[in-house]
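Here's the structure, in C-alpha cells; my notes come after.
Shown next as C-alpha cells:
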C-alpha cells in the first residue's frame, strides 16, 4: 500500500494575478516572436530574483522546426526547448514562445541577432526584440485570464473591453484561443467575451506595449444579486 | 474402563495462555482504487499481558489482556485530474506557420492527494473476561455448519496466519474457555485452549531392534487409547481434566 510521496505545489500565480503586461512577462502571458531571417540569435533573460540566463536560437533554412516554446521559469531544463548547450533550432519564419510557467515577478527578454563578418562585421548586433520596450510588429502577445470580470486591454491609444466569464454548465475546453488584431486604427474589435482559462492572443501588426488589467472583478454572485441580505428595522420595536 | 485425570496448575495454565497470547499477531492491508477516489488500510497488532486467575467458583478469569496496535492506518486518496489553462493553436494564413500556445497547469505535477493517518498511537484496548471451561468433541467426519459460521471464519483467519493450527483430520477433544462476561469477544467458543486427540496416542510408532533376538528391525505400531467423556473442572488451584480412556 505504500504510495509515492509526491510533493505537489499549487501554482498560486494562476489565481492571484489581475494585471498582465507585455513589458514584464509573468505567469499566464506568452510573447511569441517570429524569426523571419536565418542567423544566430542570442536570447538574454533577466529576472529580479534569478540569475541571468542566455540561450542561442539558430534559425536555419534546413531546419523543419516551426515553433519552440521556452519556459523562462525553467529555461534549460524544459524538455523540447533546448539542446544540451542551451540552443534552440528553428526554421525560417519559425516562432519562439517565451513564457514563465510558475513563479512571481516579471521576466525581461532581449533577443539580439548576432551578425557575422559577412553581414557587416562581428560585434555589430541588432536587437530584434526587447519586451521592456514593446512588442515588435509581427509578433504575438498572449494572455490567459482566469479570474472572471471585466478587463481593459490597452495598447498605444487603443482600448478594448474584455469580459471574462466562468463556464456555467458546459465543459470547458481551454485550447480554443481568441485572436484579436492590433493595427494602426486600434484593435479589430472594440469588445470581446472570453471564458476563463482560454487564451486571448493579440496579433501586433504594429509595435506596441500591451496591458490587460482586471478593472471590474466578478464576485461570483448570480444575476439575482447577493444571496445574503440583512434587513434592519429603522426604529426599534416598542415593547 | 480406566479413568484418566490430568491436573493443570494455575502456573501451567498461565504459561499456556501466555504462549497463546504471545502467538496472536495479525497484519492485514488492502487498497482499492475507485477511479477518482481510493481507499486503503493497514492494520497490524498483537496481544500483550493478561493475568490468568483460577477461581474457586469454577471459572477462569483473564484480566488486562492488552490489544496493542502496531499500525492502524487508513489511507484516503483523491486523484485530482490535471488542471491546465491556455493552450491551443492559432491558424495563420499560408505561408506563415500556425502558432501554438503553451499550457500552464495549476499543480506542479500529477496532483494526487493522499492522507494516511496512523491511529495506532491513539488506540488502546484492554480485554478482561471471566469464563467457564467448556469441553467439546470435534468430530472430523461431521460437515461444517450451514451458512456463515463466525467461529469457522475466525478459526480460518487465525490458522491462515499461523496463530493456531488448523482443525485436524482426526477426532479431537477441545477445551474452551467460554466467556461469561467479556469486554470484547475474541476467542470464546471459537478457539480451544487445549486439544486432546481421540484416540490419544500414548506411544508413537517406532522402529525397534529389541523385539527379535536376531536384532532385525521391527516397526512397532503406535499405542492409541480412545478418550471418552472428557470433563474439566476448575478450582482456585488447578484446572483438572478427567476422562475415561481405553476400550
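Residue numbers (the numbering used here), protein chains in the order written: chain A, 1 to 239; chain B, 1001 to 1247. For every residue, glycine included, the Cβ atom is placed at its ideal position computed from N, Cα and C.
- For the pair residue 129 (chain A) and residue 1035 (chain B), the Cα-to-Cα distance works out to about 48 Å.
- Put simply, the backbone Cα of residue 1245 (chain B) is about 27 Å away from that of residue 1020 (chain B).
- Judged by their CB atoms, residue 1172 (chain B) and residue 1195 (chain B) are nearer to each other than the 8 Å cut-off.
- Going by C-alpha positions, residue 1235 (chain B) is about 17 Å away from residue 1179 (chain B).
- Using a CB distance cut-off of 8 Å, residue 1022 (chain B) does not count as an interface residue toward chain A.
- In the three-state scheme derived from DSSP, where H, G and I count as helix and E and B as strand, residue 1119 (chain B) is classed as coil.
- By the neighbour-count criterion, in which a residue is buried when 16 or more other Cβ atoms sit within 10 angstroms of its Cβ, residue 1214 (chain B) is exposed.
- Collapsing the DSSP output to three states places residue 101 (chain A) in coil.
- Contact check for residue 92 (chain A) and residue 43 (chain A): beta-carbon distance about 17 Å, past the 8 Å limit, so the pair fails to qualify.
- Close partners of residue 1099 (chain B) in chain A (Cβ separation under 7 Å): 32, 67, 95 and 140.
- Among the residues of chain A, none has a CB under 9 Å from the CB of residue 1072 (chain B); the nearest is roughly 13 Å distant.
- If the five residues before and after residue 205 (chain A) are omitted, its C-beta is found closer than 7 Å to the C-beta atoms of 137, 181, 182 and 183, all from its own chain and listed in chain order.
- In the DSSP assignment, residue 1171 (chain B) falls outside any beta strand (DSSP E) and carries neither an H nor an E.
- Comparing alpha carbon positions, the residue from B:1228, B:1059, B:1116 and B:1057 closest to residue 1138 (chain B) is B:1228.
- Look at residue 1151 (chain B): its C-beta is not under 8 Å from any C-beta on chain A.
- The count of Cβ pairs closer than 8 Å, one atom from the stretch 139 to 159 of chain A and one from the stretch 23 to 39 of chain A, reaches three, so the stretches are in contact.
- Within the stretch 1006 to 1030 of chain B, complete alpha helix (DSSP H) segments of at least 4 residues are found at 1010 to 1023, given in chain order.
- Annotation: Cβ neighbours of residue 1087 (chain B) in chain A (cutoff 7 Å, chain order): 174 and 175.
- Spatial neighbours of residue 1119 (chain B) in its own chain (CB-CB distance under 6 Å, excluding positions within 5 residues in sequence) are listed in chain order as 1072.
- Ranked by Cα distance from residue 19 (chain A), the first of A:209, A:152 and A:57 is A:152.
- Going by DSSP, residue 51 (chain A) is part of no alpha helix (DSSP H) but of the beta strand (DSSP E) stretching over 50 to 59.
- For residue 1156 (chain B), there is no enclosing beta strand (DSSP E); the residue is part of the alpha helix (DSSP H) that begins and ends at 1150 to 1160.
- By the criterion of a C-beta distance shorter than 6 Å, residue 1062 (chain B) is surrounded in its chain by 1050, 1052 and 1129, once the five residues flanking it on both sides are discounted.
- If you ignore the 5 residues before and after residue 161 (chain A), its C-beta comes within less than 8 Å of the C-beta of 150, 151, 152, 153, 190, 191 and 192, all in its own chain and listed in chain order.
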